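K.L.:
In numbering that gives the first Met the number 0, the protein residues as written are 0 to 189. We treat Cβ as the ideally placed atom computed from N, Cα and C, and that holds for glycine. Remember, predicted model here, so these are calculated numbers, not experimental data. Attaching a single structure in structure tokens format; questions to follow.
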Amino acid sequence: MGGFEVICDPETFGKLQEQLDQMKEKDIYSVKLNAKMNFLIKELSIPEVMDQMFVEHKRGKGLKSTITQTTMQRMQELVTTITESDLRNQLQARIDDANLILKIRSLENGNITRVSDNEYRVEFKPNISIPEIVGYSVLLSSGGESWAGSGENIVNIDKIITTLTPSSYVNFVITLQNGKSYVLYEQKYS
């Protein structure tokens, strides 16, 4: 088992959330349940938990911002218990990618900020070479200037981009040595 998911109606969710809000240390196992609560507890497999760690952005998948190194260590422990080697190898590759994304997030100073109604400043300054990143792209969902790069210039990106409409998504996508691409940042402006 990789974990569990609690599915409930809005009223039950409100009661559970109220109890959790009153706790100094949040512990789902200390929540008191009663017969009037409607809920389902669903066991999740390890691959399902792994899938939930990633989120779909406008331009591809990215690691959820709430994922921490502690989460990854727990996933690593779970994956090592899998006896089927093909599945274990597939999940290990995803763990390796997630750990790399966490490493990149901890090293870099990156941001997408709005400069004016149709201009955005994209910054990505890890200040060290990250050889695992072989390329990057900045993509706009609503048209306008998009650009890409590779190699040494990944170390210090600072560029103003212009979009055709003031309401758009800006995605910063990295490409890893294994050929997979992940959205490192997504910003929506309106």
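Apart from the five residues on each side of it in sequence, which residues of its chain come closer than 8 Å, Cβ to Cβ, to Leu32?
P.N.:
Numbered from its first residue, the sequence shown carries residue 32 at position 33. Within the same chain, Leu32 has close Cβ partners Phe38.
K.L.:
Identify every residue that forms a DSSP beta bridge with Gly148.
P.N.:
By 1-based counting over the sequence shown, the position of residue 148 is 149. Tyr135.
K.L.:
According to the Cβ coordinates, are Leu139 and Ile100 closer than 8 Å?
P.N.:
Taking the first residue of the sequence shown as position 1, residue 139 is located at position 140. Taking the first residue of the sequence shown as position 1, residue 100 is located at position 101. No.
K.L.:
Can you tell me which residues form a DSSP beta bridge with Gly61?
P.N.:
Residue mapping note: residue 61 aligns to position 62 of the sequence shown, counting from 1. Beta-bridge pairing links Gly61 to Val54.
K.L.:
Please go through the same chain and pick out, in chain order, the residues whose beta-carbon is closer than 8 Å to the beta-carbon of Arg87, but skip the five residues on each side of it.
P.N.:
Counting from 1 along the sequence shown, the entry for residue 87 is found at position 88. So the list reads Val78, Thr79 and Ile81, once near-sequence residues are dropped.
K.L.:
In whole angstroms, what is the alpha-carbon distance linking Val114 and Glu17?
P.N.:
For the purposes of this step, residue 114 is identified with residue 115 of the sequence shown, where counting begins at 1. For the purposes of this step, residue 17 is identified with residue 18 of the sequence shown, where counting begins at 1. Taking the straight line from one Cα to the other gives about 40 Å.
K.L.:
Are the Cβ atoms of Asp96 and Tyr181 separated by less than 8 Å?
P.N.:
As a working mapping, residue 96 is identified with position 97 in the sequence shown. As a working mapping, residue 181 is identified with position 182 in the sequence shown. Going by C-beta atoms, Asp96 is nearer than 8 Å to Tyr181.
K.L.:
Please name the residue, chosen from Asp157, Tyr28, Lys35 and Val172, that lies closest to Cys7 on a Cα-to-Cα basis.
P.N.:
Taking the first residue of the sequence shown as position 1, residue 7 is located at position 8. It is Lys35.
K.L.:
Are the Cβ atoms of Val186 and Ile111 separated by less than 8 Å?
P.N.:
Your numbering for residue 186 matches position 187 in the sequence shown. Your numbering for residue 111 matches position 112 in the sequence shown. According to the sequence provided, residue 186 is Gln. The question's Val does not apply to it. Contact flag set, yes.
K.L.:
Which partner residues does Glu4 have in the DSSP bridge list?
P.N.:
Mapped onto the sequence shown, residue 4 falls at position 5. In the DSSP output, where bridge partners are listed per residue, Glu4 has Lys41.
K.L.:
Please report the Cβ distance between Val121 and Ile66, rounded to the nearest whole angstrom; I am assuming they are in contact, meaning their Cβ atoms lie under 8 Å.
P.N.:
For the purposes of this step, residue 121 is taken as residue 122 along the sequence shown, with counting starting at 1. For the purposes of this step, residue 66 is taken as residue 67 along the sequence shown, with counting starting at 1. The C-beta separation of Val121 from Ile66 comes to about 23 Å, leaving the pair out of contact by the 8 Å criterion.
K.L.:
Would DSSP call Glu185 helix, strand or coil?
P.N.:
For the purposes of this step, residue 185 is taken as the residue at position 186 of the sequence shown. Three-state result, Glu185: strand.
K.L.:
Do Val30 and Leu43 have their CB atoms nearer than 8 Å?
P.N.:
On the sequence shown, residue 30 is found 31 positions in, with the first residue counted as 1. On the sequence shown, residue 43 is found 44 positions in, with the first residue counted as 1. Contact: no.
K.L.:
Between which two residues does the alpha helix (DSSP H) carrying Gly13 extend?
P.N.:
As a position in the sequence shown, residue 13 is number 14, starting the count at 1. DSSP places Gly13 inside the alpha helix (DSSP H), whose first and last residues are Pro9 to Gln21.
K.L.:
Rounding to the nearest angstrom, what Cα-Cα distance links Ser84 and Ile94 in this structure?
P.N.:
As a first step, residue 84 is located in the sequence shown; it is residue number 85 there, counting from the start. As a first step, residue 94 is located in the sequence shown; it is residue number 95 there, counting from the start. Cα to Cα, the separation comes out at about 15 Å.
K.L.:
Which first and last residues belong to the beta strand (DSSP E) in which Asn170 is found?
P.N.:
Walking along the sequence shown from the start, residue 170 turns up at place 171. Element bounds for Asn170: Ser167 to Leu175.
K.L.:
Would you mind sorting Ile173 into buried or exposed? The rule is 16 or more other CB atoms within 10 Å of its CB.
P.N.:
By 1-based counting over the sequence shown, the position of residue 173 is 174. Buried, because 16 or more other Cβ atoms sit within 10 Å of the Cβ of Ile173.
K.L.:
Name the two residues that bound the continuous beta strand (DSSP E) containing Asn155.
P.N.:
Taking the sequence shown and counting its residues from 1, one reaches residue 155 at position 156. Run containing Asn155: none; DSSP gives neither H nor E here.
K.L.:
Kindly indicate the opening and closing residues of the beta strand (DSSP E) around Asn110.
P.N.:
Residue 110 sits at position 111 when you count from the first residue of the sequence shown. Unbroken beta strand (DSSP E) run through Asn110: Gly109 to Ser115.
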